[in-house]
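J.: Below is the structure I would like to discuss, written out as structure tokens.
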Amino acid sequence: MKQFWTIFKFELAGYFKNKIFIGVTVSMVAALVILIFIPNIVSLVKKDSGNHAEETMQDSDNENKSIMLISSEDDELSAMAQPAFASAFSDYQVKTLNEPVETIKQQILDGSAECAFVLDSASSYTYYVNNLSMYDQNASIADMLLEDIYRSSAMAKKGMTQQEISDILNVQIQGRVTALGADQMKNFFYTYIMIFALYMVIIVYGQMIANNVASEKSSRAMEVLVTSAKPNSMMFGKVFASCLAGLFQLTVIFGTALLLYRFNKSSWTGNEIMDSFFNIPPYLLIYMLIFFLLGFLIYAFLYGAVGSTVSKMEDINTSVMPVTMVFLVGFFVVIFAITSGEVDTPLVKVFSYLPFSSPMVMFARICMSTVPIFEIVLSVAILIASVILTGILSAKIYRAGVLMYGNKPSPRQILKVIHKA
81 MKQFWTIFKF ELAGYFKNKI FIGVTVSMVA ALVILIFIPN IVSLVKKDSG
131 NHAEETMQDS DNENKSIMLI SSEDDELSAM AQPAFASAFS DYQVKTLNEP
181 VETIKQQILD GSAECAFVLD SASSYTYYVN NLSMYDQNAS IADMLLEDIY
231 RSSAMAKKGM TQQEISDILN VQIQGRVTAL GADQMKNFFY TYIMIFALYM
281 VIIVYGQMIA NNVASEKSSR AMEVLVTSAK PNSMMFGKVF ASCLAGLFQL
331 TVIFGTALLL YRFNKSSWTG NEIMDSFFNI PPYLLIYMLI FFLLGFLIYA
381 FLYGAVGSTV SKMEDINTSV MPVTMVFLVG FFVVIFAITS GEVDTPLVKV
431 FSYLPFSSPM VMFARICMST VPIFEIVLSV AILIASVILT GILSAKIYRA
481 GVLMYGNKPS PRQILKVIHK A
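Numbering follows the numbering used here, with no gaps: position 56 of the sequence shown is 136.
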């Protein structure tokens with residue numbers, strides 16, 4: 081145990097002295113400061129520029145807008161359509177024009193106007209535009225506007241007053257949504273952030289563990305180290321040090337984000353994404369911590385074991401590829417599940433029990449579905465047992481691999497050495 085703590089403290093101090101580690105942490109915190117205070121920065125810029133531009137803003141705004149023409153032989157229809165279209169198409173300068181269709185077409189072709197609606201009646205029109213964009217929604221919006229105009233006109237002919245027509249068309253529907261289980265939209269952000277945080281930490285720190293082990297081995301420093309410390313202590317010391325360093329880095333980053341948000345919460349009023357993300361329920365934080373730690377440990381052990389079998393630094397990327405591919409399979413399964421909202425399919429349920437994918441998949445199910453407590457306990461129990469077994473097996477591979485030089489040992493050679501150990 082004494083050797084473990086010695087190696088653990090040494091490795092942890094190495095992370096905290098690492099310039100890249102410090103630089104990434106500081107850069108992320110600085111980026112969060114800018115992000116959280118964006119509303120304040122934008123409001124200051126608007127305030128400063130507004131004092132100079134306020135007087136000319138309205139005129140220049142109209143000048144910069146594209147022109148939309150409204151034409152109809154029915155003057156009453158034109159009078160009703162113009163304000164409705166001007167309100168709905170705020171990005172356009174809407175003008176009425178009583179000219180022949182050919183004149184309207186020519187104005188569009190020469191660029192004087194961008195588009196035009198020629199109204200035959202409240203239920204029939206022709207939409208003219210030079211180049212029809214695949215994202216052009218003007219006709220769809222016009223359909224809804226003319227439906228209201230047609231209904232208003234029909235009800236007016238039936239003797240209804242404008243107030244009665246307005247009350248009917250503008251009735252407010254009061255709907256209430258009560259989620260008896262999980263709210264997928266609300267919890268989507270928790271899941272997404274945790275999955276990507278786990279992805280980044282496992283890929284970055286797992287690679288660092290493998291590189292450190294391979295570097296010590298390639299420099300022959302391992303021959304000196306194994307004579308003064310047990311391989312098990314070295315393996316567990318490296319893994320737990322990297323785990324604590326990664327957890328510390330994430331705590332600093334997300335803790336800073338939370339403090340800044342609390343300080344500047346008033347500037348984000350009404351932003352549902354920010355509000356939901358920074359109001360994570362405590363039970364989800366606990367699950368997040370459990371699955372994060374266990375998920376990190378199982379992959380860190382694997383990366384360390386693989387790194388111990390490599391004699392040359394240039395071989396490290398190829399050697400860790402199988403571990404990375406196993407992780408990516410679970411990662412893509414959970415990403416497809418949460419983006420589609422289908423987190424309770426048979427495939428997803430199976431992956432929520434497999435130890436190499438359950439840290440991500442089971443957490444996603446907890447966030448975005450209703451999972452019985454016995455399933456969560458079973459998944460965590462399998463994961464804990466797998467972490468212990470992987471740690472023991474990785475320590476044996478580490479013990480055998482660090483003293484094997486030359487060509488990369490085959491799986492059969494490693495198993496023989498492990499069996500003798």
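Note that the Cβ used here is the ideal one computed from N, Cα and C, for glycine as well.
#1: Quick one: measure Cβ to Cβ for GLY317 and PHE84, integer angstroms, because I've assumed they're closer than 8 Å.
#2: Is the stretch 333-348 close to the stretch 387-404, with three or more CB pairs under 8 Å?
#3: Starting from GLN411, trace the alpha helix (DSSP H) in both directions and tell me its first and last residue.
#4: Throw me the rounded Cβ distance for the LEU226 and SER203 pair, which I believe falls under 8 Å.
#5: For MET440, does the three-state DSSP call read helix, strand or coil?
#6: On a Cα-Cα basis, can you pick out the residue from GLY421, GLU91 and THR425 that is closest to PHE268?
#7: Could you check whether the stretch 439-454 touches the stretch 367-383, counting it as contact only if at least three pairs of C-beta atoms, one from each stretch, sit closer than 8 Å?
#8: Excluding five sequence neighbours on each side, which residues of the same chain lie with their C-beta closer than 6 Å to the C-beta of MET160?
#9: GLU134 to ILE248, Cα distance in whole Å?
#10: With distance defined between alpha-carbon atoms, name the residue in ALA444, TYR270, LEU340 and GLN162 nearest to LEU115.
#11: Tell me which residue opens and which closes the alpha helix (DSSP H) that THR105 is part of.
#12: Classify ALA110 as buried or exposed, calling it buried when 16 or more other Cβ atoms lie within 10 Å of its own Cβ.
#13: So the alpha helix (DSSP H) MET235 belongs to, where does it begin and stop?
#14: LYS175 by DSSP, collapsed to three states: which one?
#15: I think GLY387 touches ALA294, with their Cβ atoms under 8 Å apart; what is that distance to the nearest whole Å?
#16: May I ask you to list the residues that DSSP assigns as paired with MET148?
#17: Starting from VAL209, follow the beta strand (DSSP E) in both directions and report where the run begins and ends.
#18: Give the single residue among PRO361, ILE150 and GLY326 whose Cα lies nearest to the Cα of TYR208.
#19: Check ASP424 in the structure and name its three-state DSSP category.
#20: Is ASP247 helix, strand or coil when you go by DSSP?
#21: Using the beta-carbon count (16 or more within 10 Å), is LEU377 buried or exposed?
#22: Hey, would you say GLY322 sits closer than 9 Å to TYR285, going by beta carbons?
#23: Give the secondary structure of SER201 by DSSP, where H, G and I count as helix, E and B as strand, and everything else as coil.
T.: So, from the listed chains and residues:
#1: Going by Cβ atoms, the distance from GLY317 to PHE84 rounds to 5 Å, so yes, they are a contact pair.
#2: By the Cβ rule, the stretch 333-348 does not count as touching the stretch 387-404, because fewer than three pairs are nearer than 8 Å.
#3: With the sequence shown as reference, residue 411 is identified as Phe, and Gln is not the correct amino acid for it. Run containing PHE411: 396-420, per the alpha helix (DSSP H) assignment.
#4: For LEU226 against SER203, the beta-carbon gap comes to about 7 Å, under 8 Å, which counts as contact.
#5: Secondary structure of MET440 (DSSP, three-state): helix.
#6: Cα-wise, what sits closest to PHE268 is GLY421.
#7: Judged by Cβ distances under 8 Å, the stretch 439-454 makes contact with the stretch 367-383, as three or more pairs qualify.
#8: The beta carbon of MET160 sits closer than 6 Å to the beta carbons of ILE229 from its chain, once the five residues preceding and following it are set aside; these are given in chain order.
#9: Per-residue confidence for GLU134 stands at a pLDDT of 49, beneath the threshold of 50, marking its modelled position as unreliable; the derived number appears in the next sentence. C-alpha separation (whole angstroms): 39 Å.
#10: Ranked by Cα distance from LEU115, the options ALA444, TYR270, LEU340 and GLN162 are led by LEU340.
#11: The continuous alpha helix (DSSP H) containing THR105 extends over residues 99-116.
#12: A residue is called buried once 16 or more other Cβ atoms fall within 10 Å of its Cβ, and ALA110, having fewer, is exposed.
#13: Per DSSP, MET235 belongs to the alpha helix (DSSP H) from 218-237.
#14: DSSP, read as helix, strand or coil, puts LYS175 in strand.
#15: Correct: roughly 5 Å between the Cβ atoms.
#16: For MET148, DSSP records a beta bridge to VAL174 and CYS195.
#17: Start and end: 204-209.
#18: Ranked by how close their Cα comes to the Cα of TYR208, the residues PRO361, ILE150 and GLY326 have ILE150 in first place.
#19: Here ASP424 sits in coil by DSSP.
#20: Looking at ASP247 - three-state DSSP - the assignment turns out to be helix.
#21: Result: buried.
#22: The sequence shown places Ser at residue 322, not Gly. Cβ distance < 9 Å, so SER322 and TYR285 count as in contact.
#23: When secondary structure is reduced to three states using DSSP, SER201 falls in the strand class.
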